[in-house]
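Shown next, in structure tokens, is the structure this report addresses.
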Amino acid sequence: MNLPDYFDAYARDYSLYKGGASCYEDGCLYRGLIMLHEATGEERWFRHLKRLADAQVGPNGELAGYTVDEYNIDNVLPGRAFLYLARRTGDDRYRKAADLLAKQLETHPRIEAGPHWHKLRYPHQVWLDGLYMALPFKAEYAAAARQSRLAEQALGEMLTALRLTEDKDANLYRHGYDESRQQKWADPATGLSPAHWGRSLGWLAMALVDLIDALPPGASTNQLSARLLSLLLRLQEMQLSDGRWLQVIDQPELPGNYPESSATAMLAYAYMKAARLPGLSPALADTGQKALDGLMTNAMIKNADGRTVLGNICCVAGLGGFDGNYRDGTAEYYLTEVLRDDDIKGVAPLMMAYSELVSAGDARAGQHRIPA
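Residue numbers for the sequence shown, in my numbering: 7 to 378.
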């Protein structure tokens, strides 16, 4: 089996992640399908995208299971797919669905410094995850709606979030920032969470490459590119010899630490896309290719049923919580979360990384067969 056939079967059998309610997990898959469609021109990817999205978008743009006043930044990610579908089909209901999510961002609470709260139930907090969920959409919506102020807003929010979440000593970024300093996980001086989670840095790297790609060129966009390059060069130092990155990305000696597939796939995509952005080095693609090779060799496995799956994917990780199982953000905490084969948070960025290989015209794209 080759990777496109694996992706095709995965999308064919995919069940909407939260029983049909619009959510970021489905939005991840939509991004992967869009990129496969753009890279290959094959209509099968568009058919999968439209079939799945049509199960969630009503005739007037209403979204299944969605309410604006939940103020969950994760809910915004599918809006990028709705913009794509509106552009490709001319069907106004997709544009109305994107408008609905843009209206959420108009009133979504913000920290005093500017960026949006991660969720209403996580007040005064900025998480790296949320930068990917909202900011590329905001920039793409700005272009579609001809609202340049939204693009400027997205740029400013990203630069502010980078400043607030930066760990200058490590030259990395922390998963979360609490402006109120009320969370137990928040450092009382900096407001930062304790550890460097691999997937949060993957979300950040993907947010940066996608936002830079969506913004008009200029001095401030160049600041983002400089931040991105610095991050990618730092992460190269932490890449394992087999091409992957760890769950707790900077602690190889931590007992129980393991190579995590979603972070690796996200970074594979980010490196390969960064390689074709203005002002960045084409050589970055080699790091992304090494990561993709590492996943193919070490993480594409047969499960107990004999089906090929992408293994070693952390199902979910977060900060704080309300169910008596408080997530304290320590390195040790990230190693307690459950792994789930073929979770979409790993498969979708793998689709994106492969699409970048195809878009670059790399002959190795045709060589990516899944080991038997």
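Quick reminder that beta carbons are idealized off the backbone N, C-alpha and C, glycines included.
From a predicted model like this one, the values you see are computed outputs, not experimental measurements.
Per-residue DSSP class, three states only, for D173: Taking the sequence shown and counting its residues from 1, one reaches residue 173 at position 167. Strand at D173.
Of the residues A192, R116, S28, the one placed nearest A59, counting alpha carbons only: Taking the sequence shown and counting its residues from 1, the one referred to as residue 59 is at position 53. The shortest C-alpha separation from A59 is found at S28.
Span separating the alpha-carbon of S226 from that of E338: As a position in the sequence shown, residue 226 is number 220, starting the count at 1. As a position in the sequence shown, residue 338 is number 332, starting the count at 1. Approximately 37 Å, taken between the alpha carbons.
Exposure label - L89; buried when at least 16 CB within 10 Å: Reading the sequence shown from its first residue, position 83 is the one you call residue 89. Under this definition L89 is a buried residue.
Cβ neighbour criterion (16 or more within 10 Å) applied to K143: The count along the sequence shown starts at 1 and reaches residue 143 at position 137. Lys is not the amino acid found at residue 143; the sequence shown has Phe there. Its Cβ being crowded by 16 or more others within 10 Å, F143 is buried.
Where G352 falls, given that 16 or more other Cβ within 10 Å makes a residue buried: Counting from 1 along the sequence shown, the entry for residue 352 is found at position 346. The residue is buried, with at least 16 neighbouring Cβ atoms inside 10 Å.
First and last residue of the uninterrupted alpha helix (DSSP H) at Y138: Within the sequence shown, residue 138 is the residue found at index 132, counting from 1. Y138 -> alpha helix (DSSP H) spans 134-151.
Close-in-space but distant-in-sequence residues of the same chain around H122 (CB under 8 Å, 5 per side omitted): On the sequence shown, position 116 is the one that residue 122 refers to. Spatial neighbours of H122 in its own chain (CB-CB distance under 8 Å, excluding positions within 5 residues in sequence) are listed in chain order as I79, L111, H114, P115, R116, V132, G136, A140, E163.
Alpha-carbon spacing of Y183 relative to T196, whole angstroms: Numbered from 1 along the sequence shown, position 177 holds the residue referred to as residue 183. Numbered from 1 along the sequence shown, position 190 holds the residue referred to as residue 196. Straight-line Cα distance between these residues: approximately 8 Å.
Backbone CA spacing between S365 and L69 [nearest angstrom]: Position 359 of the sequence shown, counted from the first residue, corresponds to residue 365. Position 63 of the sequence shown, counted from the first residue, corresponds to residue 69. Taken atom to atom, the span from the alpha-carbon of S365 to that of L69 is near 32 Å.
Three-way DSSP call (helix, strand, coil) for I117 in this model: Position 111 of the sequence shown holds residue 117. Reduced to three states, the DSSP call for I117 is coil.
Which of helix, strand or coil DSSP assigns to D184: Within the sequence shown, residue 184 is the residue found at index 178, counting from 1. D184: strand per DSSP, three-state reduction.
CA nearest to the CA of Y147, picked from A220, V215, L126: Position 141 of the sequence shown, counting from 1, holds the residue named residue 147. Measuring from the Cα of Y147, the nearest candidate turns out to be A220.
Sequence-distant residues of its chain with Cβ nearer than 8 Å to T314 (five each side left out): Indexing the sequence shown from 1 puts residue 314 at position 308. In chain order, M7, Y12, M306, I307, K308, I376 place their CB closer than 8 Å to the CB of T314, counting only its own chain and leaving out the 5 sequence neighbours on each side.
Bounding residues of the beta strand (DSSP E) (the contiguous stretch that carries T73): Numbered from 1 along the sequence shown, position 67 holds the residue referred to as residue 73. T73 -> no beta strand (DSSP E), and no H or E assigned at all.
Simplified DSSP state of R57, which is helix, strand or coil: One-based indexing of the sequence shown puts residue 57 at position 51. If DSSP states are grouped into helix, strand and coil, R57 belongs with the helices.
Beta-bridge pairing of P265 - partner residues as DSSP gives them: Along the sequence shown, read from residue 1 onward, the residue named residue 265 stands at position 259. L252, per the DSSP bridge assignment.
Candidates A15, M41, L22, Y23: closest to A359 by CA position: Taking the sequence shown and counting its residues from 1, one reaches residue 359 at position 353. Among A15, M41, L22, Y23, the Cα nearest to that of A359 belongs to M41.
Per DSSP, the bridge partner or partners of M306: Here the question's residue 306 lines up with position 300 in the sequence shown. Beta-bridge annotation (DSSP): M306 is paired with L316.
At least three beta-carbon pairs within less than 8 Å, the region 100-109 to the region 163-175: Not touching, per the Cβ criterion.
Local conformation of G162 per DSSP, three classes: For this step, residue 162 is matched to residue 156 along the sequence shown. Note: G162 maps to helix in three-state DSSP.
Inter-residue Cα distance where the pair is A119 and L134: By one-based count along the sequence shown, residue 119 stands at place 113. By one-based count along the sequence shown, residue 134 stands at place 128. Answer to the nearest angstrom: the Cα atoms are 15 Å apart.
Contact the region 147-156 vs the region 204-218: 3+ CB pairs below 8 Å: In short, these stretches do not touch, since the Cβ pair count stays below three.
Simplified DSSP assignment, three categories, for H122: For this step, residue 122 is matched to residue 116 along the sequence shown. In the structure shown, H122 falls within a strand segment according to DSSP collapsed to helix, strand and coil.
Start-to-end residues for the alpha helix (DSSP H) that takes in R205: Position 199 of the sequence shown, counted from the first residue, corresponds to residue 205. Segment 204-220, the alpha helix (DSSP H) holding R205.
Residue burial classification, V322 (beta-carbon count within 10 angstroms, cutoff 16): Counting from one through the sequence shown, the residue named residue 322 turns up at place 316. Within 10 angstroms of the beta-carbon of V322 lie fewer than 16 other beta-carbons, which makes it exposed.
Y179 in three-state terms, based on DSSP: Counted from its first residue, the sequence shown places residue 179 at position 173. Reduced to three states, the DSSP call for Y179 is strand.
CB contact flag (G300, T336, <8 Å): Numbered from its first residue, the sequence shown carries residue 300 at position 294. Numbered from its first residue, the sequence shown carries residue 336 at position 330. Contact: no.
Coil, strand or helix - Y128 by DSSP: Indexing the sequence shown from 1 puts residue 128 at position 122. Y128: strand per DSSP, three-state reduction.
As assigned by DSSP and simplified to three states, the class of R346: As a first step, residue 346 must be located in the sequence shown, where it is residue number 340. R346: coil per DSSP, three-state reduction.
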